[in-house]
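Engineer: In my numbering, the protein residues as written are 10 to 154.
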Amino acid sequence: MPDCMPAAIYIGGKLSKKKREELRDILPPVGDLDEAIRKREAFYGEDGDAAWGKLEELETFCRKNKLTYRRTSNAKYEWDGEVVFWEPGLKEPLSNRCTQEGNSYATYERLKLLLKSHGTLRDIVDDLGRFEKRIPPLELKAKKK
10 MPDCMPAAIY IGGKLSKKKR EELRDILPPV GDLDEAIRKR EAFYGEDGDA
60 AWGKLEELET FCRKNKLTYR RTSNAKYEWD GEVVFWEPGL KEPLSNRCTQ
110 EGNSYATYER LKLLLKSHGT LRDIVDDLGR FEKRIPPLEL KAKKK
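1. Please list the segments of the alpha helix (DSSP H) lying wholly inside the segment 63 to 131, counting only runs of 4 or more residues, in order along the chain.
2. Grab me the residues of I35's own chain with a C-beta within less than 7 angstroms of its C-beta, minus the 5 sequence neighbours each way, in chain order.
3. Please specify which runs of the beta strand (DSSP E), each continuous and at least 3 residues long, are wholly inside the segment 11 to 38, giving them in chain order.
4. Tell me the rounded alpha-carbon separation between D89 and K26.
5. What are the boundary residues of the alpha helix (DSSP H) that A45 is part of?
6. Would you check if the distance between the CB atom of F52 and the CB atom of F94 is smaller than 8 angstroms?
7. Find the nearest neighbour of C107 within the set G98, W61, T116 and E91, judged by alpha-carbon distance.
8. CB I144 to CB G62, shorter than 8 angstroms?
9. When DSSP labels each residue in this structure, what does E50 get in the three-state scheme?
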């Protein structure tokens, strides 16, 4: 049985109307898909009891349908918090440790590796900045004429 921990996700991009109900069926229990679309905002949802703090089916759906997302999961027991970001053009999702508030951070070990490779503070800031990209509004694709 998996450890369950809170997870939150922002989703944005252009969704085909025929995929709307499929998306609705796999969204976390907290969040309003129709309101996000109506207000032209990124969808925000939460699951207080996600297996391993992940939303695997939803994240797979987002990648398959080219929807940008940022998922965070809280730390619990021996598990660190995690932030995951994906947008069209990335082969794989980006992942990093994060605080309970969803802020990514660099560990001491990571900073030592950076120094060893002659990296700079700018390299670390740029790397962590990838997890702070703005998620676009979630909108329905217009029908082609």
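The C-beta atom is built at its ideal place from N, Cα and C for all residues, glycine as well.
Structural biologist: Walking through what the data contain:
1. 65 to 73 and 117 to 125
2. E66, L67 and F70
3. 13 to 24
4. 37 angstroms
5. L42 to R47
6. no
7. E91
8. no
9. coil
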